[in-house]
Amino acid sequence: MVHINTLRFAEAQRKDCRLVSDQGESLLRVKFMDLEEKLLPLGFLKIHRSFLVNPRYIFRIGKTSLVLTSGEELPISRGRAEEIKTAYLHYLSEG
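The opening residue of the sequence shown carries number 0 in numbering that gives the first Met the number 0; numbering runs sequentially from there.
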């Protein structure tokens, strides 16, 4: 079981979702859309059609990717960088 505060990101992989947390990785047999419904209201950001990211782990946001505090680099959907930056700044202002 992954604790939500330690979940760095979720990635859609065919019929599974790969969950990457501070404790390691796990595969979960769940539809990505179902995971989205649970994680987006908790503050996670959809940065790509296949990735949901916990903003607490974002280190830097570029034009085509972002880097997590762990050093992992994840893609950002074309044209969504500004939207993601805005959502991240909102997250930071919420404290």
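Using N, Cα and C, we set each Cβ at its ideal position, and we do this for glycine too.
Within the continuous beta strand (DSSP E) that includes residue i, where are the two ends?
i: H47; result: L44 to H47
i: L73; result: E72 to P74
i: L18; result: D15 to S20
i: L6; result: L6 to Q12
DSSP state of residue i, grouped into three classes?
i: R55; result: helix
i: S64; result: strand
i: S69; result: coil
What residue range is occupied by the uninterrupted alpha helix (DSSP H) comprising residue i?
i: L26; result: No alpha helix (DSSP H) holds L26; the beta strand (DSSP E) holding it covers G23 to L27.
i: H34; result: The amino acid occupying residue 34 in the given sequence is Leu; His does not appear at that position. Here the alpha helix (DSSP H) through L34 covers F31 to L38.
i: F89; result: A small correction: the amino acid at residue 89 is His; Phe does not occupy that position in the sequence shown. Per DSSP, H89 belongs to the alpha helix (DSSP H) from A80 to E93.
- [ ] Decide yes or no for the touch test of the region 26–42 against the region 67–75: beta carbon pairs closer than 8 Å, at least 3 of them.
- [x] no
Practice task
Decide yes or no for the touch test of the region 73–92 against the region 12–26: beta carbon pairs closer than 8 Å, at least 3 of them.
Solution key: Touching, no.
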